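S.K.: Residues in the sequence shown are numbered from 44 upward in steps of one, following our numbering.
Built from N, CA and C at the ideal position, the CB exists for glycine as well.
This one's a predicted model, so the numbers in the text were calculated from it and none came from an experiment.
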Amino acid sequence: MPLAVARYPLGPFQANCYVVRATAGAADAAVVDPGAQGADLRLELARTGARCAGILVTHTDVDHIGAVAELAEGTGAEVWCPAGEADVLRDPSSVPRAGGVPAYEPEHLVADGDTVEVAGITFEVVDVPGHSSGHVAYHAASPEGAGCLFSGDLLFAGSVGRVDLTGGDWETLLASIARLFERFPPETVVYSGHGPETTLAAERATNPYLAELRVS
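1. Pick from 150, 82, 162: whose alpha carbon is nearest that of residue 68?
2. Considering only the beta carbon of each residue, do residue 125 and residue 100 sit closer than 8 Å?
3. So residue 173 packs on residue 209, CB below 8 Å; how close in whole Å?
4. Closest to residue 55 by C-alpha separation, out of 48, 109, 97, would be which residue?
5. Assuming residue 224 contacts residue 247 (C-beta within less than 8 Å), just tell me the rounded distance between them.
6. Which residues in the same chain as residue 103 place their Cβ atom closer than 7 Å to its Cβ, once the five residues preceding and following it in sequence are excluded?
7. What is the rounded straight-line gap between the Cα of residue 73 and the Cα of residue 123?
8. Is residue 231 helix, strand or coil by DSSP?
9. Nearest to residue 58 by CA position, among 195, 170, 147, is which residue?
10. With residue 134 and residue 115 assumed to form a contact (beta carbons below 8 Å), what rounded beta-carbon distance in angstroms separates them?
11. Hey, would you say residue 232 sits closer than 8 Å to residue 191, going by beta carbons?
12. Would you mind giving the Cβ-Cβ distance between residue 183 and residue 46, rounded to the nearest angstrom? I have them listed as a contact below 8 Å.
13. Less than 8 Å between the beta carbons of residue 180 and residue 228, yes or no?
14. Report back the beta-carbon spacing between residue 87 and residue 51 to the nearest angstrom; my notes put them in contact at under 8 Å.
15. In this structure, how does DSSP classify residue 259 when only helix, strand and coil are distinguished?
16. Could you check the C-alpha separation between residue 39 and residue 243 for me, to the nearest Å?
17. Going by C-alpha distance, which of 160, 213, 220 is nearest residue 257?
18. I need the straight-line Cα distance from residue 245 to residue 49, nearest angstrom please.
19. Let me know if residue 259 comes out buried or exposed under the rule of 16 or more other beta-carbons within 10 Å of its beta-carbon.
20. Based on the DSSP secondary-structure assignment, which residues constitute the bridge partners of residue 226?
21. Buried or exposed for residue 64, please, with buried defined as at least 16 other CB atoms from any protein chain shown within 10 angstroms of its CB.
22. Got a sec? Which residues, its chain only, sit under 6 Å from residue 238 by beta carbon, not counting five neighbours each side?
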């Protein structure tokens with residue numbers, strides 16, 4: 044059976060937080076990028092009968108880490124954070140727009156090739172810099188073959204992440220997306236940091252920002 048993925052756009056930037064379970068109704072869940080509204084998110088987890096078994100961070104933009112500390116401290120869940128951006132989570136005031144985000148010391152640092160086991164799900168960590176320098180994505184395989192990719196702010200439905208903030212670079216971002224196209228099946232479902240889900244195939248075929256990556 045495919046993973047059960049629930050999407051919650053949170054906070055003023057409507058950044059997507061994902062609650063991921065091995066199957067619908069499973070007791071444990073992995074929470075990806077809890078960016079805001081920590082109390083509301085905990086209530087929703089309780090309403091749906093899910094226990095936060097771990098928190099995965101794709102990158103440390105303020106709209107993706109705003110509720111990390113509150114959720115971790117309120118549930119006892121451990122946090123997996125990109126090694127290249129952990130200093131921001133430890134001290135959010137070190138970056139612009141932090142706006143009072145609580146600091147948190149992540150229990151685990153991850154980088155390309157690592158695997159994370161949370162809520163009965165195995166996530167593969169992939170380095171995808173470009174939007175930010177230490178950005179990672181998390182891929183969860185599926186018995187059906189398609190799998191799920193939590194891409195943060197690298198790739199969106201019909202768009203890509205901005206590169207005008209600290210750590211952003213256009214050529215690096217394109218190279219990261221090209222790597223995803225090569226590494227995972229085209230039917231892989233992409234759960235982005237903003238907006239609806241998509242697939243790698245759809246973005247390779249139609250995304251206007253990726254014309255140079257298309258096969259001629």
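M.R.: Result, derived from the coordinates:
1. As a first step, residue 68 is located in the sequence shown; it is residue number 25 there, counting from the start. Of the candidates 150, 82, 162, the one whose C-alpha sits nearest the C-alpha of residue 68 is 162.
2. Position 82 of the sequence shown holds residue 125. Position 57 of the sequence shown holds residue 100. With contacts defined by Cβ atoms closer than 8 Å, residue 125 and residue 100 form a contacting pair.
3. Within the sequence shown, residue 173 is the residue found at index 130, counting from 1. Within the sequence shown, residue 209 is the residue found at index 166, counting from 1. So it is not a contact: roughly 13 Å between Cβ atoms.
4. If you number the sequence shown from 1, residue 55 lands on position 12. Among 48, 109, 97, the Cα nearest to that of residue 55 belongs to 109.
5. Sequence index remark: in the sequence shown, residue 224 carries index 181 (1-based). Sequence index remark: in the sequence shown, residue 247 carries index 204 (1-based). So it is a contact: roughly 6 Å between Cβ atoms.
6. Here residue 103 is taken as the residue at index 60 of the sequence shown, counted from 1. Contacts found: 128, 131, 132.
7. Your numbering for residue 73 matches position 30 in the sequence shown. Your numbering for residue 123 matches position 80 in the sequence shown. Rounded to the nearest whole angstrom, the C-alpha separation of residue 73 and residue 123 is 11 Å.
8. Along the sequence shown, one-based indexing puts residue 231 at 188. Coil, per DSSP.
9. Within the sequence shown, residue 58 is the residue found at index 15, counting from 1. If we check each option's Cα against that of residue 58, 195 comes out closest.
10. Numbered from its first residue, the sequence shown carries residue 134 at position 91. Numbered from its first residue, the sequence shown carries residue 115 at position 72. Wrong, their Cβ atoms sit about 16 Å apart, outside the cutoff.
11. Here residue 232 corresponds to residue number 189 of the sequence shown, with the count starting at 1. Here residue 191 corresponds to residue number 148 of the sequence shown, with the count starting at 1. Yes, they are a contact pair.
12. Within the sequence shown, residue 183 is the residue found at index 140, counting from 1. Within the sequence shown, residue 46 is the residue found at index 3, counting from 1. So it is a contact: roughly 6 Å between Cβ atoms.
13. Sequence index remark: in the sequence shown, residue 180 carries index 137 (1-based). Sequence index remark: in the sequence shown, residue 228 carries index 185 (1-based). In terms of Cβ geometry, residue 180 and residue 228 do not form a close pair [threshold 8 Å].
14. Here residue 87 refers to the residue found at position 44 when the sequence shown is read from its first residue. Here residue 51 refers to the residue found at position 8 when the sequence shown is read from its first residue. Rounded, the Cβ-Cβ distance is 7 Å, consistent with contact.
15. The count along the sequence shown starts at 1 and reaches residue 259 at position 216. Note that residue 259 scores 48 on pLDDT, short of 50, meaning its location in the model is unreliable and no value can be drawn from it.
16. A query on residue 39 cannot be resolved here, the shown segment of the chain reaching from 44 to 259 and no further.
17. As a first step, residue 257 must be located in the sequence shown, where it is residue number 214. Closest by alpha carbon: 220.
18. Numbered from 1 along the sequence shown, position 202 holds the residue referred to as residue 245. Numbered from 1 along the sequence shown, position 6 holds the residue referred to as residue 49. For residue 245 and residue 49, the distance between alpha carbons rounds to 21 Å.
19. For this step, residue 259 is matched to residue 216 along the sequence shown. At residue 259 the pLDDT is 48, less than 50, meaning the model places this residue with poor confidence and gives no usable figure here.
20. Residue mapping note: residue 226 aligns to position 183 of the sequence shown, counting from 1. Answer is none; residue 226 lacks a bridge partner.
21. Taking the first residue of the sequence shown as position 1, residue 64 is located at position 21. The residue is buried, with at least 16 neighbouring Cβ atoms inside 10 Å.
22. Locating residue 238 in the sequence shown gives position 195, where the first residue counts as 1. Excluding sequence neighbours, residue 238 sits near 199, 200.
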